[in-house]
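Colleague: Start counting the sequence shown at 436; every next residue gets the next number (my numbering). Once you've had a glance at the structure underneath, I'll fire off some questions.
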Amino acid sequence: MEQTKAWEITRISSQESLSRQIARQLEALITQGRIEVGEKLPTESQLCDMFGVSRTAVREAIAHLKSMGLVETRRGIGTRVLRSAPEHHFPARRISATTVEDILHVLEMRMTLDSQAAALAAERRTPADVAAMQSAHERFVTACSKGSQARHEDYVFHRAIVEATHNPFFVSLYDQLNEGAIPRTKLLSVELDPEAVSYYLERVAREHAETLQAIVSGQAEAARDAMYRHLQRAYDNYAAYQDRV
436 MEQTKAWEIT RISSQESLSR QIARQLEALI TQGRIEVGEK LPTESQLCDM
486 FGVSRTAVRE AIAHLKSMGL VETRRGIGTR VLRSAPEHHF PARRISATTV
536 EDILHVLEMR MTLDSQAAAL AAERRTPADV AAMQSAHERF VTACSKGSQA
586 RHEDYVFHRA IVEATHNPFF VSLYDQLNEG AIPRTKLLSV ELDPEAVSYY
636 LERVAREHAE TLQAIVSGQA EAARDAMYRH LQRAYDNYAA YQDRV
């Protein structure tokens, strides 16, 4: 593609997740307007050549951009830029500065803890673990469909992944967090936006499903990246409240 010649692409290193490096560069190109709204991204093959990576890394990077609402992919058409800035839907209309800070601290820790747990679960899961994770995911989806915020079901899903690591210290640490690990548990006394909460939970369900699929398939790196994207997106969402309080 002719316009890609002007892009300042950095070849990918082995020191960090490949998909995260790709996603970060593409996100910058989009937010800077160098890839305009409505414009299509290069094909998977072209992106593989540009970054010097596999199709798997490119697909995971695109999945991250999609989770941010920046792009959409349609079969037979390709991936198109939807907007020039990440999409934020705010579950609460207002959150106190103290509450936001608390939520961000927990999410910051969980981006490391849960992501590694997902990778280990992909390597160590047993049939019983898979059944427990799938059941927890189904209960989360069912609770959401009934109008619940599914706080408990959300925690149970993540704890099932931690259980699948078969590392008792991971489990002990997670039990100390309890449902306080779920950001929405700290929003009980604030004014919630039902439409935004519904959209937010739909996104959470899709991200849970992506993580679960990677774990069940035994793809440790994909599981780690999917979980990291899930929590990073939540972190970015709540961090945006700091500009509103």
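Heads up, the beta-carbon is just placed ideally off N, CA and C, and yes, glycines get one too. Being a predicted model, the structure only gives us computed values, none of them experimental.
Run through DSSP, which three-state label would T533 get?
Modeller: helix
Colleague: So, using beta-carbon positions, are T600 and V591 closer together than 9 Å?
Modeller: Cβ distance not < 9 Å, so T600 and V591 don't count as in contact.
Colleague: If you measure between the beta carbons of I470 and L482, is that distance less than 9 Å?
Modeller: no
Colleague: Enumerate in chain order the residues of its own chain whose CB-to-CB distance from G513 is below 8 Å, with the five nearest sequence positions on each side excluded.
Modeller: Annotation for G513: K475, L476, T478 place their beta carbon closer than 8 Å to its own, counting only its chain and skipping 5 residues before and after.
Colleague: The alpha helix (DSSP H) that contains V493, what's its start and end?
Modeller: 490–502
Colleague: Are Y673 and V535 close, meaning C-beta to C-beta below 9 Å?
Modeller: yes
Colleague: Check whether the stretch 636–646 touches the stretch 663–672, counting contact only when three or more Cβ pairs, one atom from each stretch, lie closer than 8 Å.
Modeller: yes
Colleague: Measure the alpha-carbon distance for T577 versus M485 and round it to whole angstroms.
Modeller: Taking the straight line from one Cα to the other gives about 42 Å.
Colleague: Determine the direct distance from the alpha carbon of S583 to that of G473, and round the result to whole angstroms.
Modeller: Between G473 and S583, the C-alpha separation is close to 36 Å.
Colleague: So who's on the other strand from V516, going by DSSP bridges?
Modeller: V506
Colleague: Considering only residues of the same chain and omitting the five flanking positions on each side of I465, which have a CB-CB separation below 7 Å?
Modeller: Once the five neighbours on either side are set aside, the close Cβ partners of I465 are L505, V516, S519.
Colleague: Helix or strand or just coil, what does DSSP make of S607?
Modeller: helix
Colleague: What's the C-alpha gap between I650 and L539?
Modeller: 26 Å
Colleague: Would you decide whether V680 is buried or exposed? Buried here means 16 or more other CB atoms lie within 10 Å of its CB.
Modeller: Since pLDDT at V680 reaches only 49, below the 50 mark, its modelled position is unreliable, and the value read off the structure follows with that caveat. Flag for V680 reads exposed.
Colleague: Kindly identify the DSSP beta-bridge partner or partners of K681.
Modeller: The question about residue 681 has no answer here: the residues shown for the chain are numbered 436 through 680.
Colleague: Who are the near neighbours of A567 in its chain, counting only those whose CB is closer than 8 Å to its CB and skipping five residues on each side?
Modeller: A595, E598, A599
Colleague: Use the C-beta contact count for F604: other C-beta atoms within 10 angstroms, 16 or more gives buried, fewer gives exposed.
Modeller: Burial call: exposed.
Colleague: Leaving aside the five residues before and after A492 along the sequence, list all residues of the same chain whose C-beta is less than 7 Å from its C-beta, in chain order.
Modeller: L453, S454, I457
Colleague: State the Cα-Cα distance for the pair N613 and S502, rounded to the nearest angstrom.
Modeller: Each residue's alpha carbon lies about 26 Å from the other.
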